[in-house]
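Numbering (my numbering), first residue to last: 3 to 131.
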C-alpha cells in the first residue's frame, strides 16, 4: 500500500491550510516529474471541507455538493503542495468555500477551487444523535 501524508493547520478563523509533501507515487509521468491531478484535487477538497467544519464549529457529517477546480499547472518536481481553503459564507446547512494550491508561491497557483458543502441535520441544533 502506498501512503501519502497531509499536514493540516491554521491560526486564522474560517481557514484551513494543508500541505502534502512530495512522494514519487504521486507522479503521473515520473520521467518528466509531472504530478497526477487527483491528489491535488483531493488535497483541495480536504482543505475547503476542513475550513467549512472550522467555520461551523463542529466536525459533522457533510457532503461535497459542488467543487469546481481550475487546474492551472503541475507542481514543480519534488515540491510540497500547500492548499489554503476558506469558508466565506455559511448558511444553516450550506457552506460556500474557495481555495488555492501552490508549491511555494501563492501568487503562482497550481489550482483554484470554489464549491459548496451541505451539512446533515446539525448536532449543534439537537438534530442527529
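The beta carbon of each residue, even a glycine, is placed where N, CA and C say it ideally should be.
None of these values were measured; they are calculated from a predicted model.
For residue j and residue i, the rounded distance between their alpha carbons
| i | j | result |
| --- | --- | --- |
| residue 55 | residue 36 | 32 Å |
| residue 19 | residue 87 | 6 Å |
| residue 7 | residue 21 | Note on residue 7: pLDDT 43, under 50, position unreliable in the model; the coordinate value appears next. Distance between the alpha carbons of residue 7 and residue 21 is about 8 Å. |
| residue 82 | residue 122 | 33 Å |
| residue 102 | residue 108 | 8 Å |
| residue 45 | residue 28 | 12 Å |
| residue 142 | residue 49 | With the chain running from 3 to 131 in the structure shown, residue 142 is simply not present. |
| residue 106 | residue 84 | 7 Å |
Sequence-distant residues of the same chain with beta carbon closer than 7 Å to residue i, five excluded per side
| i | result |
| --- | --- |
| residue 69 | 47, 115 and 117 |
| residue 53 | 16, 17, 18, 87, 88, 89 and 99 |
From the options, residue whose alpha carbon lies closest to that of residue i
| i | options | result |
| --- | --- | --- |
| residue 72 | 105, 53, 111 and 120 | 111 |
| residue 65 | 80, 101, 89 and 96 | 96 |
| residue 80 | 17, 23 and 33 | 23 |
| residue 74 | 89, 31, 25 and 42 | 42 |
| residue 113 | 77, 92 and 89 | 77 |
| residue 93 | 105, 84, 58 and 63 | 58 |
| residue 51 | 31, 91, 105 and 30 | 91 |
Spatial neighbours of residue i in its chain, beta-carbon cut-off 6 Å, leaving aside the 5 residues before and after
| i | result |
| --- | --- |
| residue 120 | 65, 67, 95 and 96 |
| residue 39 | 73 |
Residue i beta carbon near the ligand ZN (any heavy atom closer than 8 Å)
| i | result |
| --- | --- |
| residue 75 | Ligands in the displayed structure: none, and consequently the ligand ZN is not present. |
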